[in-house]
Amino acid sequence: MHKDQQDIAQAWFEQGIALANVGRYEEAIASYDKAVEIEPGHHEAWYWRGVALFNLGHTEEAIASFGKAVKIKPDYHEAWNYRGNALFNLGRPEEAIPEYEKALEIKPDAYYAWYNRGVALGMSGRDEEAIASIDKALEIKPDYHEAWRNRGIALGNLERDEEAIASWVKALEIKPDDHIAWNNRGLALFNLGRYEEAIGCFDKAVKIKPDYHEAWDAWGLASVKLGRYEEAIVSWDKVVKIKPANHYGWYNRGLALFNLGHDEEAIDCYDKVVKIKPDYHEAWNNRGLALFNLGRDEEAIASYDKAVKIKPDYHEAWYNWGVALFNLGRYEEAIDCYDKVVKIKPGAHEAWDAWGVALVNLGRYEEAIACYDKALEIKPDFHTTWSNRGSALGNLGRYEEAIGCFDKALEIKPDYYESWYNRGLCLVNLERYEEAIISYKQVVKIKADYHHIWFNQGLALFKLGRYEEAIASYEKALEIKPDYHNIWFNQGLALFSLVRDEEAIASWDKALEIKPDYHEAWYNRGNALGNLGRIEEEIASYDKALEIKPDFHEAWYWRGVALFNLGHTEEAIASYDKALEIKPDYHEAWYNRGNALGNLGRYEDAITEYEKVLEIKPDDHEAWYWRGIALGNLGRYEKAIASIDKALEIKPDDHEAWNTRGFALDKLGRYEEAIASYEKAVEIKPDYYEAWNNRGRGLGSLGRYEEAVACFDKALEIKPDAHIAWYNRGSALFNLGRYEEEIASYEKAVEIKPDYHEAWYWRSVALDDLGRTEEAIASWDKALEIQSDIHETWYNRGNALFNLGRYEEAIASYEKAVEIKPDKDEALYNRGNALFNLGRTEEAIASYDKALVIKPDKDQAWYNKACCYALQGNIDLALENLQHAIQLNPDEYRQLAETDSDFDSIREDSRFQMLLQGR
6 MHKDQQDIAQ
16 AWFEQGIALA
26 NVGRYEEAIA
36 SYDKAVEIEP
46 GHHEAWYWRG
56 VALFNLGHTE
66 EAIASFGKAV
76 KIKPDYHEAW
86 NYRGNALFNL
96 GRPEEAIPEY
106 EKALEIKPDA
116 YYAWYNRGVA
126 LGMSGRDEEA
136 IASIDKALEI
146 KPDYHEAWRN
156 RGIALGNLER
166 DEEAIASWVK
176 ALEIKPDDHI
186 AWNNRGLALF
196 NLGRYEEAIG
206 CFDKAVKIKP
216 DYHEAWDAWG
226 LASVKLGRYE
236 EAIVSWDKVV
246 KIKPANHYGW
256 YNRGLALFNL
266 GHDEEAIDCY
276 DKVVKIKPDY
286 HEAWNNRGLA
296 LFNLGRDEEA
306 IASYDKAVKI
316 KPDYHEAWYN
326 WGVALFNLGR
336 YEEAIDCYDK
346 VVKIKPGAHE
356 AWDAWGVALV
366 NLGRYEEAIA
376 CYDKALEIKP
386 DFHTTWSNRG
396 SALGNLGRYE
406 EAIGCFDKAL
416 EIKPDYYESW
426 YNRGLCLVNL
436 ERYEEAIISY
446 KQVVKIKADY
456 HHIWFNQGLA
466 LFKLGRYEEA
476 IASYEKALEI
486 KPDYHNIWFN
496 QGLALFSLVR
506 DEEAIASWDK
516 ALEIKPDYHE
526 AWYNRGNALG
536 NLGRIEEEIA
546 SYDKALEIKP
556 DFHEAWYWRG
566 VALFNLGHTE
576 EAIASYDKAL
586 EIKPDYHEAW
596 YNRGNALGNL
606 GRYEDAITEY
616 EKVLEIKPDD
626 HEAWYWRGIA
636 LGNLGRYEKA
646 IASIDKALEI
656 KPDDHEAWNT
666 RGFALDKLGR
676 YEEAIASYEK
686 AVEIKPDYYE
696 AWNNRGRGLG
706 SLGRYEEAVA
716 CFDKALEIKP
726 DAHIAWYNRG
736 SALFNLGRYE
746 EEIASYEKAV
756 EIKPDYHEAW
766 YWRSVALDDL
776 GRTEEAIASW
786 DKALEIQSDI
796 HETWYNRGNA
806 LFNLGRYEEA
816 IASYEKAVEI
826 KPDKDEALYN
836 RGNALFNLGR
846 TEEAIASYDK
856 ALVIKPDKDQ
866 AWYNKACCYA
876 LQGNIDLALE
886 NLQHAIQLNP
896 DEYRQLAETD
906 SDFDSIREDS
916 RFQMLLQGR
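For the sequence shown, position 467 (counting from the first letter as 1) is numbered 472 according to our numbering, and the numbering increases by one without interruption.
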């Protein structure tokens, strides 16, 4: 080529260099094009043309230009190097490496080529080779800070973080304001868990380059690791301010807010993420978690749905979807989600565990256990699954196996209070209350503010009868959770068991403040009111329980008992009937219904009820016993004894049954056997005064009065105010002729029971026997004040008045006796005698006639009538009546008539004489 042409080409080349130096690359390229047009072999023009094209981003054209340069000048190492850079820039690092190696063949000390080769090797994942290449660059140029920096990156990729840090330190010694090196050094420290030092590095980076969002982002991540979420949010605020479309910044900011419990704000962040990057599945998943925390389960599910549509094998989202469905009680659907999880990731032990929990909620315990077994195959040290497996076994009643599972959980995590707690529940079900309490105490050590543990510890102590300790446990539970109605209820039961009824009622009232429809509390409140004798209130409490739960048979039953105690027997029976409608085999209700019918004197019906009891519960000794009493009340003593014998077969130490058996034998006149029965009663219960009293009565019936008195004395030693024993003692003393002592006994009886008319009556008889007639009358008057319809009292009072010659009063008494008992012939007869003594013979005859209508063989009445007619001068009727008397009792009335002055007026009558002579 001509010299002038070369000069022109060179001028165009130099002009291109000048334009490139000021960044006017398009014009520079035009100049280079002119140069190569004039001189196509101008290698430098081709090279610098390539550089300008590279700077404009026309990388493919740049590569072609560098290719031209090396074709003209194959040893042009700069062109080989730059051609490598262009290929690297296109993301073709493997192709770039041979270009750098060409440059290094030509110029082995081209440190930049060694460096670029190292970077390309690093991008190709060949970090060891990359480090070796960069080390070559640093041998040539030890102060090459980019090489130190990239050496650190390669070491970091190999997880040789300490060496990486050393490289970045070197880079920063050379160039302290290298923000990238500070950031990378921070990342290596982060990887080593040295978060505070990492933050120091990120701080340096952002001080050098405040808009360096990568460093702000890393600073946020380090703050999260230190639990400093507020600081992390400040960092991510910087990221999104610098780069609003940085979805990672919004995502990480959302995570930090989520960890602080600011779920609404977290959702806002995730919404920003999915607006920028709609297919960001992690953001949809975490958005779901935040919505779940807010209880917005349906929206959470919609978010998880989005996540799995983007990434169908995203097992975390399927799992979380399952949890949300579980929370909505949609257990079958939740199981479908967990099934998806384990299909994607068969080793997802959490999903197998959650699947088991869902099955438990469906009551499918065996299947749940199979799921837990799967989880434990994958992760044998998963304490939660061991605990859940134990709970499922517990639900199946396999408590021993359940305890074994809880023990496994506690081997792995000794402070897992849920397992200690559930272990205690199983021990309670096995009635091993002491061991249960030991388990509960472990929970208290770990989590003393867990109200359930104090509550259940109270229940176990209650079962052991340690009521005071149970109450203390319930009080601890109430300190933690005062609005838990069950604790107040059970505290009431413990107080009730200590007979602290007022406090128990107060406890149940607290339970009812919290839960007014708590029928068990109303029911037990009724029981306590019953104990306090506040029966009307007791019934009102049962009525409240029955308003809430009309089929509550126990409440109907106890309502019946309360009504019976108030004397409302018919209503009580109606209440027992309601209990029996609900529970026909409720033997207690049949039993008490029997008692109520017995109380109404309906003994046959009562017997039927007791027989119902015995159909249901043949060994109910009380039913046999009361059946015996009802039979006794019907006078069927043999059957009564047989029934009581059945009661005694079941419960041989039932002193009352022996006593009642004795009473029935007494009624049959089998006094020796009766006494033997009473002796059994006092052998069992030596202070059983009723049996001593009855034994005395039995002995009295056998005429063994001294022994009888000794028995009554024993009864009175035990119960000095037993009026019946004083009364019976008096009766025995009467038979011994010890009247003064008899009277003293009756006086003790009426001192104790002033309205005891029988004692007043027999006191009168004793006084009369002692000739203390006036006192006897006063005593009969007392008896009549108490009970005026006793004919015997009026009759004997009449006799006493008659003996005192107070005939008019005597007549009035006899008349009262016959008013009460019109067929009382003795009273009519003695009334006749009193009238006779008053000379009122006509009236006397009328009274004798009445007596004789009742008792025609009453010889005295015939005789006294004869006397009346003789005194009236009515010879015929006198003789007729005397004849009747003699016919009934010839010797007595012939002898009596011979000397009786009443017959003086007819004594000479031949008919009278013939009667006397028996002709």
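Where is the CB? At the ideal position from N, CA and C, for every residue including glycine.
Keep in mind the model is a prediction, meaning the values are calculated, not measured.
Check                                                                                                                   : Outcome
Beta-carbon proximity check, PHE917 vs LEU884, cutoff 8 Å                                                               : yes
Alpha-carbon to alpha-carbon, THR613 and PRO623                                                                         : 14 Å
Classification of SER793 by the beta-carbon crowding that lies within 10 angstroms, buried from 16 upward               : exposed
Three-state secondary structure (DSSP) of PHE387                                                                        : coil
Span of the alpha helix (DSSP H) around GLN792                                                                          : Premise fails: GLN792 is in no alpha helix (DSSP H) and is neither H nor E.
Cα-Cα separation, ILE68 to ALA125                                                                                       : 16 Å
Enclosing alpha helix (DSSP H) for VAL504 [first to last residue]                                                       : No alpha helix (DSSP H) holds VAL504; DSSP gives it neither H nor E.
When GLU542, ASP386, ARG394 are compared against GLU371, the one with the closest alpha-carbon                          : ARG394
Beta-carbon proximity of ALA312 to GLY327, cut-off 8 Å                                                                  : no
Cutoff 8 Å; reference ASN189; Cβ partners in own chain excluding five residues on either side                           : ARG154, GLY157, ILE158, GLY161, ALA169, TRP173
Where PRO657 sits in the DSSP three-state scheme                                                                        : coil
Range of the contiguous alpha helix (DSSP H) that encloses PHE557                                                       : Careful: PHE557 lies outside any alpha helix (DSSP H) and carries neither H nor E.
Distance between TYR710 and ALA783 (C-alpha atoms, nearest Å)                                                           : 28 Å
Euclidean distance between Cα positions of ILE680 and ALA713                                                            : 11 Å
ALA305 beta carbon less than 8 Å from that of LEU927                                                                    : Because the chain spans 6 through 924 in this model, residue 927 falls outside it and cannot be assessed.
Any alpha helix (DSSP H) of 4 or more consecutive residues that is wholly inside the region 76 to 110                   : 82 to 94
Range covered by the alpha helix (DSSP H) that runs through PHE263                                                      : 252 to 264
For LEU109, the nearest candidate out of VAL362, GLY96, ILE145, LEU92 (CA to CA)                                        : ILE145
Cβ-heavy atom distance, LYS350 to the ligand COA, below 7 Å                                                             : The ligand content of the structure shown is nil, which means the ligand COA is not present either.
Rounded separation between ALA890 and ALA839 - CA only                                                                  : 20 Å
Pairwise C-alpha distance: ALA237 and VAL229                                                                            : 6 Å
Nearest neighbour of GLU66, chosen from LEU500, PHE668, GLY837, ARG54 [CA to CA]                                        : ARG54
Extent of the continuous alpha helix (DSSP H) to which GLY776 belongs                                                   : Looking at the DSSP string, GLY776 is not in any alpha helix (DSSP H), and its letter there is neither H nor E.
From GLY837, THR846, ASN842, CYS873, residue whose alpha carbon lies closest to that of ALA856                          : GLY837
TRP925 and ILE22 closer than 8 Å at C-beta                                                                              : In this structure the chain extends from 6 to 924, so residue 925 is not present and cannot be described.
Backbone secondary structure at GLU164 - three-state DSSP                                                               : coil
Classification of ASN600 by the beta-carbon crowding that lies within 10 angstroms, buried from 16 upward               : buried
Limits of the alpha helix (DSSP H) - the one that GLY429 falls within                                                   : 422 to 434
Endpoints, the alpha helix (DSSP H) within which PHE331 is located                                                      : 320 to 332
GLY293 - containing alpha helix (DSSP H), residue span                                                                  : 286 to 298
Proximal residues to ALA397 (C-beta, below 6 Å), its chain only, five neighbours per side dropped                       : VAL365, TYR370, ALA373, ILE374
Limits of the unbroken alpha helix (DSSP H) element including LEU887                                                    : 880 to 893
Residues of its chain near SER129, where Cβ-Cβ distance is below 6 Å and the 5 sequence neighbours each way are ignored : PRO98, GLU99
Same chain only: Cβ atoms within 8 Å of CYS376, ignoring 5 sequence neighbours per side                                 : TRP357, ASP358, TRP360, GLY361, LEU364
C-beta contact flag for ALA560 and LEU568 at 8 Å                                                                        : no
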